[in-house]
Amino acid sequence: MSNHFPRRLIGAALLLLPLASVAAELIPVETFARHATISMPRLSPDGQSLAVRMDGEDGAHALVVFKVSDMSRPVSMLRLPKYEVPANFVWTSPTRLIVEKGRGYGSIDKPMLTGEILATDLDGKHQDYLYGRDSMKYGRRAASRGTDRGWGFYDGKPDEPNGHFYMSAESWDSNDQSSLYDVDADHNTRHLIGDIGVADMSFMVGKDGTAHYAYGRNEKFDYVVYHREGSGWSPLTASQVGVSFAPLESTPDGQHVYAFFSADGGPTSLVEMSETGGDRKMLAPGDFGSVGDIEWTAKPAQPFATTLATGIPTPRYIDPNAPMAKLHRALSLKFPGSYVSFVNFSSDGSELLFGVSSDRTPGTYFLINTHTYKVQKLFDAAPWIDPKQMAERRPMTFTARDGTKLEAILTLPKGADENNLPMVLMPHGGPIGIEDTWFYDDDAQFLASRGYLVLQINFRGSGGRGIDFEQAGYKQWGTGIQNDLIDGVKWAIAQKFADPKRICIFGASFGGYSALMAPIRAPGMFKCAVGYAGVYDMALLYKKGDTHQSELGRNAMRATMGADENQLDANSPAMLADKIDVPVLLIHGEDDQRAPFAQFKAMKAALDAAHKPYEFLTKPGEGHGFYSEKNNVELYNTLQAFLEKHIGKGA
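Written out as structure tokens, the structure is:
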């Protein structure tokens, strides 16, 4: 499901295997059930320290700092309360960091920012509470922060690490105001550098330290862009910034801006332009997909390479002869079949943190000196994953029934013949603005390791292809989107990848909705369906769950899924259970806040009333997707046995 509450609070039986030798080397379920312990590395401005997020199996999370010269033991550890996570952290100086707190509601969604910002020295001393709901209780300024009633978010920092950062704030007491502050993280002081009478705005700060843009979706769910004009703000029109526009960074001379841009609502490009839309220069065009990742130089930051959001990520160099382009190309040659991503530099640009990842590994992180080219390996994101054992993920395209070209990603069982395979269709969540990519996917790799072809489809409404493609999925939950999924299955059969007699569907969140809805729309196509943390009664979202609790969230739902109760019921699996002609497995966390447990209860009751066969697995203490490794092992074993019964050797 979409994450819109509020903005930024709101984004063991063996199966039939193609070869006996593969069965003998079955990868343990535990391999796929584990979470990466260390993630999100950030290099300090002096290049001497590394901050990372560390996750424990018990739901505990921490910000941990290492010296890059000794990754064997941490310098400090800032532990957060259970289920609270360091969702973002930034070095404001060589010795100090700020931390944006988030709360995890399950393994499917990213943690939601709580609007609280903390600060700490790298050695764990001088911890301070800078902004948030408990500012009157904690921090050195607690006695004078009685008016801090709202949410605060990191919104950038100066080029030079001087201990300051920029923070946007949204008040609980005002629904029509967004403010921007320059915050001194060392002394917990701040001063206002911009405000606008529109809620839910992000800001872009120029080289002069003032707010140049305010932009984002307002409370009505309309995307708006404002430019600073003197002491006020002027809305920018489509003639100035096209149909889609997001400012990224000022150019080094401060005279222009780098931005994502689309003139007509199609895939976005990377452009350089004047701040009000003139003198536009194309740096990297979109194609079938939008410009996705951007590789940046050290400060003052300039983009030197881009990839597209679709297909296998391939760097496109803006100036192939630029020093960073040459370095990136040289590193890429050292890691064939992988993508090299520059994470961040030391302030002087002499030390570079970079990651290497692919469809078969979550990634490894390294440090390189840009003068001597000496490379130091720092850590593997998931050292228990052996890339040699993992399956190929292959992006392809097909044409839907109405002529729309769509991307499909196939995960092909390693060592298997590519013809006539048992297949699992695995639709992603969202549905709006979310997309599947070529990179490593635990669920897809698990299913492929059990001999299944996995099909993932970036249906209309998915991200990565521009605003028009996203809006093509509005109010199409049970219709156009399901048609895309069904057409993808027909394509896989026509291409002889899939055995038409051995196809099941498994999805989480909106994918769980689709897992029950697609068999209703295409009777006889599927042999079984697995809904995980799914939405089954669309109207219920307006009554239960976290999305409906804000005006922005309600407007987002009205725009993207509709509000007519008759239409919602006509596209809700719980109201159409009598049309489900396949065995069903329902999996749900009992503490789910996004797709609340009431959704599971509604679907279970509907299946009971329709006398339809089903199995289920529920767990207390789990939210929107299981987090516990033990519970994930049980989930995978249950899924494995269910699929085997219906499209495996026991079918």
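Residues 1 to 651 (our numbering) are what the sequence shown spells out, left to right.
Idealized CB from N, CA, C, for every residue including glycine.
As the structure is a computational prediction, the values presented were derived from the model and not from experiment.
Leaving aside the five residues that flank residue 92 on each side, the residues in its chain whose CB is nearer than 7 Å to its CB run, in chain order, 98, 157, 161, 163, 164, 165, 185. When the five nearest sequence neighbours on each side are left out, the beta carbons in the same chain lying within less than 6 Å of the beta carbon of residue 127 are those of 120, in order along the chain.
If you ignore the 5 residues before and after residue 350, its C-beta comes within less than 8 Å of the C-beta of 47, 369, 370, 371, all in its own chain and listed in chain order. Between residue 221 and the set 554, 247, 476, the nearest pair of CA atoms involves 554.
For the stretch 242-278, the full-length beta strand (DSSP E) segments reaching 3 residues or more read 244-250, 257-262, 269-273 along the chain.
If you draw a 10 Å sphere on the C-beta of residue 299, you find 16 or more other C-beta atoms in it, and that means buried. Nearest in C-alpha terms to residue 226, of all of 268, 208, 178, 311, is 178.
When the five nearest sequence neighbours on each side are left out, the beta carbons in the same chain lying within less than 6 Å of the beta carbon of residue 281 are those of 272, in order along the chain. Straight through space, the alpha carbons of residue 570 and residue 232 are spaced by roughly 48 Å. Within the same chain, and ignoring the five residues on either side of residue 129 in sequence, the residues whose Cβ sits closer than 7 Å to its Cβ are 118, 135, 138, 139. One Cα belongs to residue 132, the other to residue 168, and the distance between them is close to 12 Å. Rounded to the nearest whole angstrom, the CA to CA distance from residue 633 to residue 384 is 15 Å. Across the structure, residue 524 and residue 452 are spaced so that their CA atoms are roughly 19 Å apart. Counting only the Cα atoms, residue 363 lies some 6 Å from residue 380. Residue 77 sits exposed, since fewer than 16 C-beta atoms from the chains shown fall within 10 Å of its C-beta. Nearest neighbour of residue 462 by Cα position, chosen from 346, 470, 69, turns out to be 470. As a beta-bridge residue in DSSP terms, residue 303 pairs with 296.
Rounded to the nearest whole angstrom, the CA to CA distance from residue 151 to residue 597 is 28 Å.
Fully enclosed beta strand (DSSP E) runs of no fewer than 3 residues occupy 498-508, 528-532 of the stretch 480-563, in order along the chain.
Leaving aside the five residues that flank residue 115 on each side, the residues in its chain whose CB is nearer than 6 Å to its CB run, in chain order, 132, 151, 152. If you check the CB distance, residue 270 and residue 306 come in under 7 Å. Contact between the stretch 436-450 and the stretch 470-487 is not established, with fewer than three Cβ pairs separated by less than 8 Å. Residue 382 is classed as buried because its beta carbon has at least 16 other beta carbons within 10 Å across all chains shown.
Rounded to the nearest angstrom, the Cβ distance from residue 378 to residue 425 is 38 Å, too far for a contact under 8 Å.
Distance from the Cα of residue 506 is smallest, within the candidate group 528, 488, 224, for 528. Three or more pairs of CB atoms, one per stretch, sit closer than 8 Å, so the stretch 587-595 contacts the stretch 615-628.
Rounded to whole angstroms, the gap between the alpha carbons of residue 294 and residue 75 is 32 Å. A distance of 7 Å or more separates the beta carbons of residue 508 and residue 536.
For the stretch 403-448, the full-length beta strand (DSSP E) segments reaching 3 residues or more read 405-412, 421-425 along the chain.
In this structure, the alpha-carbon of residue 322 lies about 39 Å from that of residue 124.
Cβ-Cβ distances below 8 Å link residue 89 to 40, 42, 51, 53, 63, 97, 98, 99, 100 in the same chain, with the five nearest sequence neighbours on each side left out; the list follows chain order.
Boundaries around residue 323 are those of the alpha helix (DSSP H), 323-334, since no beta strand (DSSP E) includes it. Note on geometry: alpha-carbon atoms of residue 345 and residue 296 lie some 10 Å from one another. Straight-line measurement puts the Cα of residue 562 at about 36 Å from the Cα of residue 33. When DSSP states are grouped into helix, strand and coil, residue 643 belongs to the helix group. Following the DSSP letters along the chain, one finds residue 29 inside the alpha helix (DSSP H) bounded by residues 29-33.
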